[in-house]
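Under my numbering, the first residue of the sequence shown is numbered 58, with each subsequent residue one higher.
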Amino acid sequence: MIINKAQLKENYDIVIIGAGIAGLALSQLLKLEEKNILLVESGDFKFNKEINQHSYAKVKNLGNWPTENYASHYSRVRMFGGNANVWGGWCMELDDYDYSQNSTWNILKADLKNHYKKAYELLNIIPQNIDSNKLNMKSIKPYPINIARGNYIKNSESI
Numbered sequence: 058m059i060i061n062k063a064q065l066k067e068n069y070d071i072v073i074i075g076a077g078i079a080g081l082a083l084s085q086l087l088k089l090e091e092k093n094i095l096l097v098e099s100g101d102f103k104f105n106k107e108i109n110q111h112s113y114a115k116v117k118n119l120g121n122w123p124t125e126n127y128a129s130h131y132s133r134v135r136m137f138g139g140n141a142n143v144w145g146g147w148c149m150e151l152d153d154y155d156y157s158q159n160s161t162w163n164i165l166k167a168d169l170k171n172h173y174k175k176a177y178e179l180l181n182i183i184p185q186n187i188d189s190n191k192l193n194m195k196s197i198k199p200y201p202i203n204i205a206r207g208n209y210i211k212n213s214e215s216i
């Protein structure tokens, strides 16, 4: 349910900052555990230019980089669904290189198998088998993520 700050309760089991893909996914999983959740979003359900003016990143002048990072302004969206509204819900599994000896982390592909399965179910997507060694960008189609769950969140008694 959507509330304003005057309607806030004193206590919540969990407070999640950001209603992007990660925040929404986490809220759905925690709701299954019957937690009382507060999901805080700085934006609205529709794009608001005034709110998004706060998305500019300020960086030090490093080499050829500008002092004001315009890329962050166009790739960071303060609204329900977060950055997925910009990148269209493009989701891909890590490729073989990420698990290779050149990688800086010690996770095996098998370690993530069950997590990928849960993510597919949560996001209503069908996995695609893509061989990263034969990658042709023209052949890749983003997964159609279902983030249009605004009414579900609005009408929820515990989120």
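Note that beta-carbon positions come from the ideal geometry of N, C-alpha and C, so glycine has one too.
query = Do you know offhand how far residue 182's Cα is from residue 68's?
reply = As a working mapping, residue 182 is identified with position 125 in the sequence shown. As a working mapping, residue 68 is identified with position 11 in the sequence shown. Approximately 34 Å, taken between the alpha carbons.
message = The beta strand (DSSP E) that contains residue 96, what's its start and end?
response = For the purposes of this step, residue 96 is identified with residue 39 of the sequence shown, where counting begins at 1. Unbroken beta strand (DSSP E) run through residue 96: 94 to 97.
request  = Select from 72, 60, 97, 154 the residue whose C-alpha is nearest the C-alpha of residue 137.
outcome  = Within the sequence shown, the letter at position 80 stands for residue 137. When each option's Cα is compared against that of residue 137, the closest is 97.
ask   = Using a Cβ-Cβ cut-off of 6 Å (strictly less than) and excluding sequence neighbours within five positions of residue 99, which residues of its own chain qualify?
value = Here residue 99 refers to the residue found at position 42 when the sequence shown is read from its first residue. Once the five neighbours on either side are set aside, the close Cβ partners of residue 99 are 135.
message = Check this for me: beta carbons of residue 166 and residue 156, under 8 Å apart or not?
response = As a working mapping, residue 166 is identified with position 109 in the sequence shown. As a working mapping, residue 156 is identified with position 99 in the sequence shown. It is a contact, given that the beta carbons lie within the stated cut-off.
query = Quick one: complete alpha helix (DSSP H) runs, 4+ long, within the stretch 139 to 186?
reply = 141 to 144, 166 to 180
query = Which of the three DSSP states, helix, strand or coil, is assigned to residue 78?
reply = Looking up residue 78 in the sequence shown gives position 21. Of the three classes helix, strand and coil, the one that applies to residue 78 here is helix, per DSSP.
query = Which value, in whole angstroms, describes the spacing of the CA atoms of residue 101 and residue 110?
reply = The sequence position of residue 101 within the sequence shown is 44, counting from 1. The sequence position of residue 110 within the sequence shown is 53, counting from 1. Rounded to whole angstroms, residue 101 to residue 110 spans 13 Å at the Cα level.
key: Coarse secondary structure for residue 108, derived from DSSP in three states   = The residue you call residue 108 lines up with position 51 of the sequence shown. Three-state result, residue 108: helix.
request  = Could you name the residues of the same chain whose beta carbon sits closer than 6 Å to that of residue 76, not counting the 5 residues immediately before and after it, in chain order?
outcome  = Residue numbering aside, residue 76 sits at position 19 when the sequence shown is read from its first letter. Taken in chain order, the residues that qualify are 96, 98, 137.
query = Could you give the distance in angstroms between the alpha-carbon of residue 173 and the alpha-carbon of residue 84?
reply = To locate residue 173, count along the sequence shown from 1; it is residue 116. To locate residue 84, count along the sequence shown from 1; it is residue 27. Approximately 18 Å, taken between the alpha carbons.
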